[in-house]
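Everything below concerns the one structure shown next.
Number of protein chains: 2
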Amino acid sequence: MDLTLPEFRVLVEERLAQSIDSLTWLVQEEFDQVPHEEFLAPARLLLNSGKRTRAAFVLAGYQLATTSACDPAATAGSAIELYQASALVHDDVIDDSPTRRGNPAAHVAFTNLHTESRWLYSPADFGRASAIVLGDLLLSEASKEFQAAAAMVTPREGTTAFRQFQAMCTEVAFGQYLDIRAEQQPLDRSQDAIASALSVLRHKSANYSVQLPLVIGAQLGGGSDELISQLRKLGGLLGEAFQMRDDDLGIFGEPSQTGKPSGGDITEGKRTILLALIREKAGARRDWLDSRLGTVLSDADISQLRTLAISCGARSEHEDMILAREDEARLLLQTLDGNDDGIQTLANLMHELAGRIA
Amino acid sequence: MDLTLPEFRVLVEERLAQSIDSLTWLVQEEFDQVPHEEFLAPARLLLNSGKRTRAAFVLAGYQLATTSACDPAATAGSAIELYQASALVHDDVIDDSPTRRGNPAAHVAFTNLHTESRWLYSPADFGRASAIVLGDLLLSEASKEFQAAAAMVTPREGTTAFRQFQAMCTEVAFGQYLDIRAEQQPLDRSQDAIASALSVLRHKSANYSVQLPLVIGAQLGGGSDELISQLRKLGGLLGEAFQMRDDDLGIFGEPSQTGKPSGGDITEGKRTILLALIREKAGARRDWLDSRLGTVLSDADISQLRTLAISCGARSEHEDMILAREDEARLLLQTLDGNDDGIQTLANLMHELAGRIA
Numbered sequence: 004m005d006l007t008l009p010e011f012r013v014l015v016e017e018r019l020a021q022s023i024d025s026l027t028w029l030v031q032e033e034f035d036q037v038p039h040e041e042f043l044a045p046a047r048l049l050l051n052s053g054k055r056t057r058a059a060f061v062l063a064g065y066q067l068a069t070t071s072a073c074d075p076a077a078t079a080g081s082a083i084e085l086y087q088a089s090a091l092v093h094d095d096v097i098d099d100s101p102t103r104r105g106n107p108a109a110h111v112a113f114t115n116l117h118t119e120s121r122w123l124y125s126p127a128d129f130g131r132a133s134a135i136v137l138g139d140l141l142l143s144e145a146s147k148e149f150q151a152a153a154a155m156v157t158p159r160e161g162t163t164a165f166r167q168f169q170a171m172c173t174e175v176a177f178g179q180y181l182d183i184r185a186e187q188q189p190l191d192r193s194q195d196a197i198a199s200a201l202s203v204l205r206h207k208s209a210n211y212s213v214q215l216p217l218v219i220g221a222q223l224g225g226g227s228d229e230l231i232s233q234l235r236k237l238g239g240l241l242g243e244a245f246q247m248r249d250d251d252l253g254i255f256g257e258p259s260q261t262g263k264p265s266g267g268d269i270t271e272g273k274r275t276i277l278l279a280l281i282r283e284k285a286g287a288r289r290d291w292l293d294s295r296l297g298t299v300l301s302d303a304d305i306s307q308l309r310t311l312a313i314s315c316g317a318r319s320e321h322e323d324m325i326l327a328r329e330d331e332a333r334l335l336l337q338t339l340d341g342n343d344d345g346i347q348t349l350a351n352l353m354h355e356l357a358g359r360i361a
Numbered sequence: 004m005d006l007t008l009p010e011f012r013v014l015v016e017e018r019l020a021q022s023i024d025s026l027t028w029l030v031q032e033e034f035d036q037v038p039h040e041e042f043l044a045p046a047r048l049l050l051n052s053g054k055r056t057r058a059a060f061v062l063a064g065y066q067l068a069t070t071s072a073c074d075p076a077a078t079a080g081s082a083i084e085l086y087q088a089s090a091l092v093h094d095d096v097i098d099d100s101p102t103r104r105g106n107p108a109a110h111v112a113f114t115n116l117h118t119e120s121r122w123l124y125s126p127a128d129f130g131r132a133s134a135i136v137l138g139d140l141l142l143s144e145a146s147k148e149f150q151a152a153a154a155m156v157t158p159r160e161g162t163t164a165f166r167q168f169q170a171m172c173t174e175v176a177f178g179q180y181l182d183i184r185a186e187q188q189p190l191d192r193s194q195d196a197i198a199s200a201l202s203v204l205r206h207k208s209a210n211y212s213v214q215l216p217l218v219i220g221a222q223l224g225g226g227s228d229e230l231i232s233q234l235r236k237l238g239g240l241l242g243e244a245f246q247m248r249d250d251d252l253g254i255f256g257e258p259s260q261t262g263k264p265s266g267g268d269i270t271e272g273k274r275t276i277l278l279a280l281i282r283e284k285a286g287a288r289r290d291w292l293d294s295r296l297g298t299v300l301s302d303a304d305i306s307q308l309r310t311l312a313i314s315c316g317a318r319s320e321h322e323d324m325i326l327a328r329e330d331e332a333r334l335l336l337q338t339l340d341g342n343d344d345g346i347q348t349l350a351n352l353m354h355e356l357a358g359r360i361a
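Chains A and B, in that order, are what the protein sequence lines are.
Every position in the first sequence, counted from 1, becomes a number in this note's numbering once 3 is added.
Every position in the second sequence, counted from 1, becomes a number in this note's numbering once 3 is added.
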């Protein structure tokens, strides 16, 4: 199988488009008077962008396990992208984030629709309500799409992978709660800030960004228990590195490339490992940092924050933690018990992620 | 099979408890530091109450189609109850409803937790965020539970029923958007208020309250196309009657019995058929009614609203619409092509619903 990653991403995008189009058909047949394209527009916008990283990890896991045609991986990849879209839409409501992937967040798009249409009551309430329901739709759609992927392989493999997909949804919900709750805790009451940030990071995002897509792909391909267990370990490390780099980009990235405002994590009060490290090392500047948490940062604030993170040594310690994980994952890749195509795909992905700026 | 409805409800409740407990076990094994019972508490409270109406309709459909043991129906019934709990949690966030089934709504419970714990930032924001994530968890859990039900029957029956379950989730999301959007429209721009209210009612609640549980139950039991088609018709009528009675109880019901505040639909600006009828017939009182829409009603307002609805004839016309649907459903029941147990269960349910006050 000589499918390249860019070719696979096109396949995933075709599946995603079909999935949203099928909603339109269903609605046209069954409903009268439903402005379905208006409702789906923010979902289309969100699904048209994105790097398909999670889908690509499904492919890597699948190719490691089997040399069969990769339609089940493209379909499962599409399911996980739908799932992520659902999580992002709800996340942006929760954090009241203005933008996502360089476009207005879904709730903002609905708010703007309300304002432009001069409807009654509150545009912001309408925006939030519509985005909650759109996220629910995408979550259901993700499960439907995964069901289609599972039906493309043997019942045993399909069922195993579907269970893992569902366990992933459960884990992320608990991880989200952990994250929301951590943000509300008084800073000095958090005993071991780094351990606690690592726990949120794992359950809220690291596992579902890398580890579980890899595992699910391998399960769909009928991978051995040995392979699955190796992928859990490798994917765990790589997922942590992935999310920590995301946190670094949250402060040091260019908004035009990340699609998110600089310092957004500080505004949300998000308890990242990087924040814990800066606080630990900030000395007399800690009070200033704490006073910025939960507020919208000015350009001067961002600049001061960057200087502080570098000068106190927190950023480089954080970068070392990322590199250590990437190195260990690269070592594990050498011993991986899977097909060459899969090893090549995974190596390419690891290379992409290590150098990313968005 | 001589299972009574009360016995079936106990089975469903056992499944529901197992489902939530299984989340606890999963979390205890996989996560450190997760306050899982704190997160699940509002879900447990919500799932401990409720009339299990939807689950009971699954049983009726199943018994109409088969005389096999009813575990698949109890499991699918539990899935639909979980799904409904998810929808209620998100609904209450959207409408900012204070109570549900006589208890604080989930977002209010989380808000109270925040206040009592003296955490940082806004209790209300934390309440909403946590409830959004809890609703997501319940939605995933519903799909997992339905998967378990589908695995108890033949693959063909299981797949058919699962697809219908997923189509139900899709339909309700579109119905919700339709509802939210209708609430924001200037009143006089709504051309045909009754037709539009009927469309919201069908897609947001009537179909998933009655019609689809019946159909899904029959599909799980391997029911004939003829039976399924009869149930779509009967269930459609009964679902509309069910929701219209709910709307009547929203104004005329006793909060101590309905678990919801009187006039809550008016406060939310919900465009019910009953509201459309009152507006149509209110004459000079229409301006007063319009001025109350979207506001919290005083006891005096509720009393005036009730008097208006009765004196203008809207309530009795609405009641006639309910009775006409119930009568037609009863006629269809006579010709239903299914097992006696199922006909008996459905007849009992129809009797329960026709006389309900909560």
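Quick reminder that beta carbons are idealized off the backbone N, C-alpha and C, glycines included.
Computed from a prediction, not measured in an experiment: that's the story for all the values here.
Q | Short CB-CB distance (under 8 angstroms) between Gly267 (chain B) and chain A | A | no
Q) Anyone know if the C-beta pair for Ser25 (chain A) and Leu85 (chain A) falls short of 8 angstroms? A) no
Q.
On the criterion of 16 or more Cβ atoms from any shown chain inside 10 Å, does Arg121 (chain B) qualify as buried, or is it exposed?
A. exposed
Q: Examine chain B for any beta-carbon lying closer than 8 angstroms to the beta-carbon of Leu26 (chain A), and answer yes or no.
A: yes
**Q.** Where Pro107 (chain A) falls: helix, strand or coil (DSSP)
**A.** strand
Q: Assign Ala198 (chain A) to one of two classes, buried (16 or more other C-beta atoms within 10 Å of its C-beta) or exposed (fewer than that).
A: exposed
Q | Contact belief for Gly80 (chain B) with Val156 (chain B) at Cβ below 8 angstroms, rounded distance in angstroms | A | In fact, because the Cβ distance is near 14 angstroms, the residues do not count as touching under 8 angstroms.
Q) Within 10 angstroms of its Cβ, does Tyr124 (chain B) collect 16 or more other Cβ (buried), or is it exposed? A) exposed
Q.
In this structure, how does DSSP classify Thr27 (chain A) when only helix, strand and coil are distinguished?
A. Thr27 (chain A): helix per DSSP, three-state reduction.
Q) Near Ser100 (chain B), which residues of its chain fall below 6 angstroms by C-beta distance, leaving aside the five closest residues on each side in sequence? A) Ala108
Q: For Thr102 (chain A), write down the residues that DSSP places opposite it in a beta bridge.
A: A:Pro107
Q) Are Ala164 (chain A) and Gln222 (chain A) close, meaning C-beta to C-beta below 8 angstroms? A) yes
Q.
DSSP three-state label for Pro75 (chain A), please.
A. helix
Q) Going by C-alpha distance, which of A:Gln169, A:Leu352, A:Ser306 and A:Gln260 is nearest Gly238 (chain A)? A) It is A:Leu352 whose Cα lies nearest to the Cα of Gly238 (chain A).
Q.
For Gly226 (chain A) and Ala332 (chain A), I'd like the C-alpha separation in whole angstroms.
A. 19 angstroms
Q) Do three or more CB pairs link the region 264–274 of chain B to the region 299–308 of chain B at distances below 8 angstroms? A) yes
Q) What separation, rounded to the nearest whole angstrom, lies between the Cα atoms of Arg205 (chain A) and Arg184 (chain A)? A) Here the alpha carbon of Arg205 (chain A) sits roughly 15 angstroms from the alpha carbon of Arg184 (chain A).
**Q.** C-beta contact flag for His110 (chain A) and Ala145 (chain A) at 8 angstroms
**A.** Taking 8 angstroms as the Cβ cut-off, His110 (chain A) and Ala145 (chain A) do not qualify as a contacting pair.
Q: Put Asn115 (chain B) into one of helix, strand or coil per three-state DSSP.
A: Asn115 (chain B) carries a helical assignment under DSSP once its states are collapsed to helix, strand and coil.
Q: Ignoring anything shorter than 4 residues or poking outside the region 293–342 of chain A, list the alpha helix (DSSP H) runs there in chain order.
A: 302–314 and 317–337
Q. If we ignore side chains and look at the alpha-carbon of each, how far apart do Leu190 (chain A) and Glu148 (chain A) end up?
A. 41 angstroms
(Q) Looking only at its chain, what residues have a beta carbon closer than 7 angstroms to the beta carbon of Arg131 (chain B), apart from the 5 residues adjacent to it on each side? (A) Excluding its 5 nearest sequence neighbours in each direction, Arg131 (chain B) has C-beta neighbours in its own chain below 7 angstroms: Val96 and His110, listed in chain order.
Q.
What does the alpha-carbon distance come out to for the pair Asp98 (chain B) and Gln179 (chain B)?
A. Taking the straight line from one Cα to the other gives about 12 angstroms.
**Q.** Start and end residues, alpha helix (DSSP H) containing Asp228 (chain B)
**A.** Asp228 to Phe255
Q: Can you say whether Pro158 (chain A) is buried or exposed, counting buried as having 16 or more other CB atoms within 10 angstroms of its CB?
A: Classification of Pro158 (chain A): exposed, given that the 10 Å Cβ count is below 16.
Q: State the start and end residues of the unbroken alpha helix (DSSP H) segment that holds Leu39 (chain A).
A: In the sequence under discussion, the amino acid at residue 39 (chain A) is His, which differs from the Leu named in the question. Segment His39 to Asn51, the alpha helix (DSSP H) holding His39 (chain A).
Q: Determine contact between the region 211–221 of chain B and the region 237–254 of chain B, defined as no fewer than three beta-carbon pairs at a distance below 8 angstroms.
A: Judged by Cβ distances under 8 angstroms, the region 211–221 of chain B makes contact with the region 237–254 of chain B, as three or more pairs qualify.
Q | Closest residue to Phe177 (chain A) among B:Gln246, B:Phe11, B:Phe42 and B:Arg318 (Cα-Cα distance) | A | B:Phe42
Q: Report yes if the CB atom of Ile254 (chain B) is closer than 8 angstroms to the CB atom of Arg328 (chain B), and no otherwise.
A: Cβ distance not < 8 angstroms, so Ile254 (chain B) and Arg328 (chain B) don't count as in contact.
Q: Sort B:His321, B:Leu50 and B:Ala59 by Cα distance to Ala20 (chain B) and report the nearest one.
A: B:Leu50
Q. Where do the N-terminal and C-terminal ends of the alpha helix (DSSP H) with Ile281 (chain A) fall, by residue?
A. Start and end: Ile276 to Lys284.
Q.
Can you check which of these residues, B:Gln167, B:Thr162, B:Leu296 and B:Ala361, is closest to Thr263 (chain B) by C-alpha distance?
A. Here residue 263 (chain B) is Lys; the residue named in the question, Thr, does not match the sequence. Closest option to Lys263 (chain B), Cα to Cα, is B:Ala361.
Q. Is the CB of Trp122 (chain A) under 8 angstroms away from at least one CB in chain B?
A. Cβ-Cβ to chain B under 8 angstroms: yes for Trp122 (chain A).
Q) Mind checking whether Thr162 (chain A) and Ala153 (chain A) have CB atoms under 8 angstroms apart? A) yes
Q. Are any of the Cβ atoms in chain A nearer than 8 angstroms to that of Leu140 (chain B)?
A. yes
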